[in-house]
Structure formats: structure tokens, C-alpha cells
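Enquirer:
Residue numbers (the working numbering), protein chains in the order written: chain U, 63 to 180; chain W, 44 to 156.
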């Protein structure tokens, strides 16, 4: 149980276009979903926290208008990279907290999405 | 603010040898601590977690970790490393506000035949 999927796993897009990444909790409802960015050989940097039905909370330094997050249901959150540029190329990972189990801070991670902007 | 330090960026061990990955944290209250493993191009898999109780916690794949409050440490250990353990390992601490995780910088484990 507690499986989180991400789609697509890899995406290549041209500079100036937008890309949407989906994060789904497959077998549980998620109260909160998190979006991370990971640079090569680096740790995970939290970008934003999203709760179903409310606006995402962005970490300092993360552009809200560039990284649009929508958390439309208890099982789906999307991250849209708008007007992508090569510096947006990265590995994006989502995670989710379960609604049905009280387990503070425990997050279940998706497999990640490799974004390459050419 | 809380922080997590993994002093070793890279560690190489021989297959069959024992392993210890270090993790030190800075946090005002009783921490919630985690170890995750990440294979190349993959997401994170939870190895083990500490919330309270017994300070020696057992995880998956033969890993264990010991919480030492006096040293602010939560080191990960494995008595005998397998080649498949080669990966990146992350220590993380839970933050009360916002239920967020703060990650250490990671330790890359390489296993020699």
C-alpha cells in the first residue's frame, strides 16, 4: 500500500513551452502533497506544499507564477512549469501524506520526473 | 530552524563489510527521524523511521538505526552490505510546523566487489 505515481517519468520540452507533471496517490487519499526539486547529486529542495482544495504554500525563492500547483482532489496534484527554460531542467519528485493514518511527517514519494528543457 | 547534516558525501565499502552512515540533526524538541534510499533516477524509499520508544529501530533490507539524543545523531547501520545497496541515502527530520521534512545532503554509497 501507499503507492504514489508520477507522470510522465521523463519529458523533454522546448524553451518557452509549458509542461504539466501529475502526482497521484494510487491506493490512499492524501491530505497533503509536496513537490520537491532535486539537482544532480544534490539533496531534495522543497518547492511547495499543497492541500486539497486550497492554494499551495510555496517555499521562499520559488516563483509561484512559474511553478503552478493544483491539488484538485485527494489523490491528484499537478505541477505545471510555465514558460520553461533550460535552467528549469531538473528532477522533480512529489510526495504525499496519508489521510487515514496518523503518522506525523511520514511522506510517500513518487518515482520522480526528469524534465529536460532544450 | 532545524537542520540535518550528513558529514560523508561519498562512502565506499566492500561487499560483505559493515556499514555506518552518519546523520546529525539540530532540532529543539524530540525529533521525528527518517532514513530514505534513492536509486539512480528513482524516487525515495523509506528504510526506517523513529518517532519514540526504543532508540534502536529496525528497517527494511537489513538496515537499522540508533537514535542518540546526547549526540543528536541517528546513524544508519547494516552488518553486511550487498552490491544492491549501492545508492544515495538521505536522512531527514520532521518539522512540526507544516509537517514538512528537512533532508540532509545525502551520502552516496558505492560497493566494491
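Heads up, the beta-carbon is just placed ideally off N, CA and C, and yes, glycines get one too.
(1) Does the beta carbon of residue 105 (chain U) sit closer than 9 Å to a beta carbon anywhere in chain W?
(2) For residue 129 (chain W) versus residue 146 (chain W), is the C-beta distance shorter than 9 Å?
(3) Output yes or no for whether 9 Å exceeds the beta carbon distance between residue 153 (chain W) and residue 111 (chain U).
(4) Output the residue ranges of the beta strand (DSSP E) runs that lie fully inside the region 99 to 131 of chain U and measure 3 residues or longer, sorted by chain position.
(5) Could you tell me how far apart the beta carbons of residue 81 (chain W) and residue 133 (chain W) are, in whole angstroms, since I believe they sit closer than 8 Å?
(6) Contact defined as beta carbons within less than 8 Å: I believe residue 175 (chain U) pairs with residue 68 (chain U). What is the distance between those atoms, to the nearest angstrom?
(7) Using the C-alpha atoms, what's the distance from residue 58 (chain W) back to residue 150 (chain W)?
(8) When burial is assigned at 16 or more other CB atoms within 10 Å of the CB, is residue 159 (chain U) buried or exposed?
(9) Ignore the nearest five residues each way along the sequence and tell me which others in residue 82 (chain U)'s own chain have a CB closer than 6 Å to its CB.
(10) Assuming residue 136 (chain U) contacts residue 99 (chain U) under a Cβ cut-off of 8 Å, what Cβ separation, rounded to an integer in Å, is found between them?
(11) With a threshold of 9 Å between beta carbons, is residue 123 (chain U) in contact with chain W?
(12) Is residue 84 (chain U) close to chain W, meaning its C-beta is less than 9 Å from at least one C-beta of that chain?
Expert: Based on what the coordinates show:
(1) Here residue 105 (chain U) is taken as the residue at index 43 of the first chain, counted from 1. Answer yes: the Cβ-Cβ gap between residue 105 (chain U) and chain W drops below 9 Å somewhere.
(2) In the second chain, residue 129 (chain W) corresponds to position 86, counting from 1. In the second chain, residue 146 (chain W) corresponds to position 103, counting from 1. No.
(3) Locating residue 153 (chain W) in the second chain gives position 110, counting from the first residue. Locating residue 111 (chain U) in the first chain gives position 49, counting from the first residue. Taking 9 Å as the Cβ cut-off, residue 153 (chain W) and residue 111 (chain U) do not qualify as a contacting pair.
(4) 106 to 113
(5) As a first step, residue 81 (chain W) must be located in the second chain, where it is residue number 38. As a first step, residue 133 (chain W) must be located in the second chain, where it is residue number 90. Confirmed, about 7 Å.
(6) Sequence index remark: in the first chain, residue 175 (chain U) carries index 113 (1-based). Sequence index remark: in the first chain, residue 68 (chain U) carries index 6 (1-based). Yes, residue 175 (chain U) and residue 68 (chain U) are in contact; Cβ-Cβ is about 5 Å, under 8 Å.
(7) By 1-based counting over the second chain, the position of residue 150 (chain W) is 107. By 1-based counting over the second chain, the position of residue 58 (chain W) is 15. About 17 Å.
(8) As a working note, residue 159 (chain U) is residue 97 in the first chain. With 16 or more Cβ atoms within 10 Å of its Cβ, residue 159 (chain U) is classed as buried.
(9) Working through the first chain from its first residue, we reach residue 82 (chain U) at position 20. Excluding sequence neighbours, residue 82 (chain U) sits near 140, 142.
(10) Here residue 136 (chain U) refers to the residue found at position 74 of the first chain. Here residue 99 (chain U) refers to the residue found at position 37 of the first chain. With 8 Å as the limit, residue 136 (chain U) and residue 99 (chain U) do not qualify as a contact, their Cβ atoms being about 24 Å apart.
(11) As a position in the first chain, residue 123 (chain U) is number 61, starting the count at 1. No, no contact with chain W.
(12) By one-based count along the first chain, residue 84 (chain U) stands at place 22. Not an interface residue.
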